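Undergrad: Residues in the sequence shown are numbered from 0 upward in steps of one, following numbering that gives the first Met the number 0.
Virtual Cβ for every residue (Gly too), placed ideally from N, Cα, C.
Just so you know, these numbers come straight off a predicted model, no measurement behind them.
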Amino acid sequence: MVSHSVSGSASAPIKRITGFAIVIAGWLVCLFLTSHIRQFPHFGMDYLSIYSSSRCLLDGCNPYHGDETRAAFLAHGGTQAEAEANDLAHKGVFAPYYAGYPPTSLFYFMPLAALPWQLSWHVWMVLSLTLYGLTALLFAGLCSDYSPLAANLCLACFLAMHIYGVFLLQPTYLIAALCCLGIWSLLQGRFVPAGILCYALSLALKPHLGAFALLYFLLASPVSRKRALQVVGVTILLCVPAVVWAANHDGTRHWTQDYSINVKGVASRGHLSDPGPTGNGEPSQIADLQTIVSIFRNDPAFYNPVVWGFSLVLLGAWLYPALRLAPNREKDLLCLAAIVTFSLLPIYHRVYDSTILLAAFPAIALMLKKAPRWGVVGACLSLMLALAISPNYFKYVVPVLRRLFGAASGGNAFMGLAERPLAMSLLALTVFFLVALYRIPQQLSLASGAAPEA
C-alpha cells in the first residue's frame with residue numbers, strides 16, 4: 000500500500016505536465032487549422048468590423064453607419080478588395096445594421112484602432128489568441144487537481160475545434176479571456192485586484208457574456224459578494240469615459256438611437272442575428288434557444304417569451320442549490336459550470352461566445368474524480384459540444400443526416416434540431432449540470448468541504 004501511494008504521488012506531477020501539454024496541443028491544432036483557411040475572403044471579418052467602428056469613434060464619424068465605417072477603414076490602410084470581400088452579398092461588415100458594438104466596447108479598442116489596419120489586426124491576433132491560450136492553461140490547472148488527463152483531453156478537443164472564431168479574429172477571444180481570468184481570480188482568491196479589473200473590463204466590452212457568472216459570486220459568500228460588487232463598481236467607472244467621449248462627438252451624439260436601430264435591425268427577419276429558419280446566418284452557429292424554438296413557430300412574439308420563460312425555470316432551478324448548498328470548492332465549480340453554460344441560452348449568442356465555457360471544464364474534472372459515472376457523461380457531452388462548434392459538423396455530418404432523414408426545409412423537426420447542434424449541446428450540458436447539483440451532493444462531499452486530492 001505504501002509503495003502504491005508513493006508511486007501515485009510521484010506520477011502526479013508527470014500527469015499534470017502531460018495534461019498541460021495536451022491542452023497546449025489542442026490550442027495549437029486550432030491555430031494550425033485556421034492558418035490553412037486564411038485565403039478565404041472573410042478572414043478577420045469580425046475584427047475588421049470593430050476596428051472600423053472604433054476608428055470612426057476616434058475620428059469623430061458615425062460608428063453605426065456602414066458608409067462611414069467603410070470610409071474609415073479605407074482611409075487607414077484597408078484595401079478596396081478587403082472591403083468588398085467582407086461585404087459579400089450585403090451580409091458583411093458594412094451592411095446595414097451590422098455595426099453593433101456599444102461605445103463602451105469601441106472606446107477601449109481605440110488604441111488598436113489608432114494603428115494602421117494591417118499592423119492592428121496582427122497585433123490583435125497575437126494579443127487575443129495568446130491571452131486566451133494562457134487562460135486555458137489556468138483552467139487546465141484547475142482540471143489537473145482532479146483529472147489531469149481525461150478532463151484536459153476534453154478541454155483540448157474543445158479548444159481545437161474553435162476554428163471559426165479564430166478565422167474571423169473575433170473580439171470575443173480577448174473578452175472571454177478577461178472574463179475567465181476574473182472568474183479564476185475570484186475563485187482562487189489570487190491576484191484579486193487584477194482579477195476584478197479583468198472581469199470589469201470584460202463586462203464593459205461585452206456585458207452579456209459574463210454577467211450571469213458574476214451572479215454566482217454575488218450569492219456564494221460575503222467575501223465573494225464584496226468582490227463581485229467591486230467588479231460592478233469598476234465596470235461602471237470604466238463605462239463613464241466611453242459614454243462621455245461618445246456624447247461629445249458629432250458623429251455619436253445620437254448613438255443610443257443609432258445603436259438601438261442596428262441591434263433591432265440585425266435581429267429582424269432575414270438578417271444575420273435572426274435565429275429562425277429565415278436568418279441568413281448558419282443556424283449551427285447560433286447558441287441561444289430561440290434558434291430551437293423558432294423551428295416550431297418562426298415568430299419572435301412566440302419564441303422569445305417561450306425561451307425567456309423556460310430560462311427563468313432553469314435559473315430558478317440553479318438558484319436553489321446555489322443558495323442552499325454548503326460553500327466549498329466543489330459547489331463553486333459545479334455552480335459556475337451550470338451558470339456559464341446557461342448564460343448562452345436566453346439571449347443572442349454565437350459559436351465564438353462559447354469560449355467562456357473554459358470555466359465549465361473543472362466541474363467535469365471534479366466529477367471524473369469523485370463521481371466517475373457522472374464524469375463520463377459530462378465528458379461525452381463536452382465532446383459533443385466540441386463537435387458542434389466544429390465547422391466540419393455542417394460540412395460532413397449534416398449532409399449524411401439529410402440523406403437519411405430528409406431536409407429540414409420540408410418541415411422535418413428532427414433535421415431542424417440536428418442542424419442546431421450548438422444550442423442543443425448547450426441545453427444538454429446545462430440540464431446535466433443542474434441535475435448533478437441536485438443528485439450527487441453527497442458523492443462530491445459538498446457538505447464536508449473536502450479539498451481535492453493532489
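1) Do you know how far the Cα of A80 is from the Cα of A336?
2) Should N247 and G275 be called a contact, given that it needs their Cβ atoms to be closer than 9 Å?
3) What residues in its chain sit with their C-beta under 6 Å from that of A385, if we drop five residues either side in the sequence?
4) Here's the rule: buried if 16 or more other CB atoms are within 10 angstroms of the residue's CB, otherwise exposed. What is V222?
5) When the Cα atoms are used, what is the spatial distance from A286 to A422?
6) Does H348 pass the burial test, meaning 16 or more other C-beta atoms within 10 Å, or should it be called exposed?
7) Name the residue from V239, S51, L202 and V430 whose alpha carbon lies nearest to the alpha carbon of L313.
8) With H, G and I counted as helix, E and B as strand and the rest as coil, what does DSSP make of I21?
9) So does the stretch 251 to 264 actually touch the stretch 98 to 109, counting three or more Cβ pairs closer than 8 Å?
10) Any idea what DSSP makes of R349, helix, strand or coil?
11) In terms of DSSP beta bridges, what is I285 paired with?
12) So, using beta-carbon positions, are V22 and L136 closer together than 9 Å?
13) Nearer than 8 Å: is that true of the beta carbon of G377 relative to any heavy atom of the ligand NAP?
14) What are the boundary residues of the alpha helix (DSSP H) that includes E67?
15) By the DSSP assignment, the alpha helix (DSSP H) with K205 in it spans what residues?
16) Verify whether the separation of the beta carbon atoms of L56 and A112 is less than 9 Å.
17) Could you check if I294 is buried or exposed, using at least 16 other CB atoms within 10 Å of its CB as the buried criterion?
18) Thinking just about the alpha-carbon of each residue, which of G65, V399 and S381 is nearest to the one in A427?
19) Mind checking L141: buried by the 16 CB within 10 Å criterion, or exposed?
20) Straight-line CA distance for F404 to L416?
21) Here's the rule: buried if 16 or more other CB atoms are within 10 angstroms of the residue's CB, otherwise exposed. What is V122?
22) Nearest to W454 by alpha carbon, out of C29, R15, I49 and C60?
23) Classify R328: buried if its beta carbon has 16 or more other beta carbons within 10 angstroms, exposed otherwise.
24) Touch check for the stretch 360 to 380 and the stretch 168 to 184: three-plus C-beta pairs under 8 Å?
25) So, for V305: in the same chain, excluding its five sequence neighbours on each side, which residues have a beta-carbon less than 6 Å away from its beta-carbon?
26) Assuming the contact rule is C-beta atoms closer than 8 Å, I260 and A370 should be a hit. Round their C-beta distance to whole Å, please.
27) Buried or exposed for S220, going by 16 or more other Cβ atoms inside 10 Å?
28) Have a look at R268, S127, W116 and Q284 and flag the residue whose alpha-carbon is nearest the alpha-carbon of K394.
29) Taking the Cβ atom as the reference point for each residue, do L185 and A227 lie within a distance shorter than 9 Å?
30) Tell me which residue opens and which closes the alpha helix (DSSP H) that R372 is part of.
31) Would you kindly work out how many angstroms separate the C-alpha atoms of P192 and R372, rounded to a whole number?
TA: Looking at the coordinates:
1) So the two alpha carbons sit approximately 43 Å from each other.
2) Against a cut-off of 9 Å, the Cβ pair of G275 and N247 comes out as no contact.
3) Counting only Cβ-Cβ distances below 6 Å, and skipping sequence neighbours, we find C156, F157 and M160.
4) A residue is called buried once 16 or more other Cβ atoms fall within 10 Å of its Cβ, and V222, having fewer, is exposed.
5) 5 Å
6) With 16 or more Cβ atoms within 10 Å of its Cβ, H348 is classed as buried.
7) Looking from the CA of L313, the closest CA among V239, S51, L202 and V430 belongs to V430.
8) helix
9) Three or more pairs of CB atoms, one per stretch, sit closer than 8 Å, so the stretch 251 to 264 contacts the stretch 98 to 109.
10) strand
11) Among the bridge pairs identified by DSSP, I285 is matched with R349.
12) yes
13) Within the structure as shown, the ligand NAP is missing, as the structure has no ligands at all.
14) G65 to A74
15) Per DSSP, K205 belongs to no alpha helix (DSSP H) and is neither H nor E.
16) yes
17) buried
18) Of the listed residues, the one whose Cα sits closest to A427 is S381.
19) buried
20) Using only the alpha carbons, I get a separation of about 12 Å.
21) exposed
22) This structure cannot speak to residue 454, because the chain is shown only from 0 to 453.
23) buried
24) no
25) Contacts found: V292.
26) That belief does not hold up - the Cβ atoms of I260 and A370 are roughly 50 Å apart, past 8 Å.
27) exposed
28) It is Q284 whose Cα lies nearest to the Cα of K394.
29) For L185 and A227, yes; Cβs fall inside 9 Å.
30) P371 to I388
31) When only Cα atoms are considered, P192 and R372 end up about 38 Å apart.
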